[in-house]
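Chemist:
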Amino acid sequence: MTASSFPFTRRRTAAALLTAALLVPLAACGSDDTKGSPAAEGTTASGTAAADLTVLAASSLTDVFKKAGAAYEKSHPGTKITFSFAGSQELAAQVKQGAPADALVTADTKTMDGLKADTGKPTVIARNRLVIATREGNPEKIDELKDLADSKLKVVLAAPEVPVGRYSKKILDAQKITVKPVSQEPNVRAVLSKVELGEADAGLVYKTDASTAADKVDAVEIPDAQNAVAAYPAATLKSSEHAQAAAAFVQWLSTPEAQKILQEAGFQQP
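Per our numbering, the sequence shown starts with residue 2, numbered consecutively.
Okay, structure coming up:
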């Protein structure tokens with residue numbers, strides 16, 4: 002390199018530094034624009050608010066909601082759903098005590114109606130029916146409701162304050178059948194468990210619950226004329242800190258995608 006090239010080199014270096022200095026504020030402006038984008042504001046690709054949601058749901062929804070929740074998270078990146086399953090009466094007590102949650106799904110309209118001050122407008126998302134769950138192979142040859150009156154049988158029912166317990170009492174009373182249960186359980190899954198473990202010969206559960214344990218229990222159908230229809234209402238909770246995201250999930254439960262998942266699990270259309 003000759004001596005005469007140094008001034009030119011110095012001019013090029015100065016120009017490069019000036020250009021870099023001018024680009025810094027432009028990059029900063031681009032960063033500000035990104036902060037105003039939907040993704041940065043906490044929305045999903047579908048346009049709904051992203052959030053970590055807690056959903057209180059009836060025990061009979063345990064299996065199907067785990068599948069539904071995974072499907073929802075997949076189609077709504079950025080949203081995470083945590084379910085808390087229990088008997089509807091337990092869920093109602095949690096809501097009244099101010100438990101932090103965003104949405105509620107019960108196994109009956111009566112429980113939901115008692116929470117009008119705490120929820121948004123509910124929507125029925127599915128229906129269900131009862132069956133008689135017996136030990137695998139139905140060794141006691143239970144064919145119909147009246148067989149449950151046999152004093153030699155160990156029959157377990159849900160407590161009367163639980164939705165499935167109320168439905169059970171309703172259909173037994175309608176047929177004038179007196180059953181003396183060996184125990185009254187806090188939710189339908191506890192009833193099913195007693196039969197699965199052989200601690201009871203039979204119990205009244207939802208059809209969908211019996212299907213989750215088809216390799217361990219048999220399900221004896223109850224004629225429609227003697228049965229009860231359980232309705233599952235869903236609603237947002239007014240105390241939710243993620244109102245938009247909670248509403249989006251509740252609305253999604255009525256979409257064809259969610260309904261397909263529910264119906265594949267044995268639930269009936271709303």
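Where is the CB? At the ideal position from N, CA and C, for every residue including glycine.
In three-state DSSP terms, what is residue 31?
Modeler: Residue placement at residue 31 cannot be trusted, given a pLDDT of 38 that sits under 50; the coordinates are not used to answer.
Chemist: Taking all protein chains shown into account, do 16 or more other C-beta atoms lie within 10 angstroms of the C-beta of residue 90, making it buried, or fewer, making it exposed?
Modeler: Buried, because 16 or more other Cβ atoms sit within 10 Å of the Cβ of residue 90.
Chemist: Under the three-state reduction of DSSP, which class applies to residue 252: helix, strand or coil?
Modeler: Of the three classes helix, strand and coil, the one that applies to residue 252 here is helix, per DSSP.
Chemist: Look up residue 8 in the DSSP assignment and say whether it is helix, strand or coil.
Modeler: Because the pLDDT of residue 8 is 41, which lies under 50, any placement of that residue in the model is unreliable, and the number read from its coordinates should be weighed accordingly. In this structure, residue 8 counts as helix in the three-state DSSP scheme.
Chemist: Just list the beta strand (DSSP E) runs in the stretch 71 to 151, keeping only unbroken ones of 3 residues or longer that don't cross its boundaries, in chain order.
Modeler: Correct list: 81 to 87, 104 to 106, 124 to 136.
Chemist: Threshold first: 4 residues or longer. Then list the alpha helix (DSSP H) segments lying entirely within the stretch 202 to 226, N to C.
Modeler: Runs of the alpha helix (DSSP H) inside the stretch 202 to 226: 208 to 213.
Chemist: May I have the straight-line CA-CA distance separating residue 262 from residue 69, to the nearest angstrom?
Modeler: Each residue's Cα considered, the two are about 7 Å apart.
Chemist: Along the chain, where does the beta strand (DSSP E) containing residue 186 start, and where does it finish?
Modeler: Unbroken beta strand (DSSP E) run through residue 186: 184 to 186.
Chemist: When the Cα atoms are used, what is the spatial distance from residue 195 to residue 135?
Modeler: Near 10 Å, if we compare the C-alpha coordinates of residue 135 and residue 195.
Chemist: Could you check where the beta strand (DSSP E) with residue 161 kicks off and where it finishes?
Modeler: From DSSP, residue 161 is part of no beta strand (DSSP E); its letter is neither H nor E.
Chemist: Which residue from 153, 154, 186 puts its Cα closest to that of residue 169?
Modeler: Comparing Cα-Cα distances from residue 169 to each of 153, 154, 186, the minimum goes to 186.
Chemist: Does any heavy atom of the ligand FMN sit closer than 8 Å to the C-beta of residue 72?
Modeler: Among the components modelled here there is no ligand, and therefore nothing to report on the ligand FMN.
Chemist: Within this structure, are the beta carbons of residue 157 and residue 220 separated by less than 9 Å?
Modeler: Result no, Cβ atoms of residue 157 and residue 220 do not sit closer than 9 Å.
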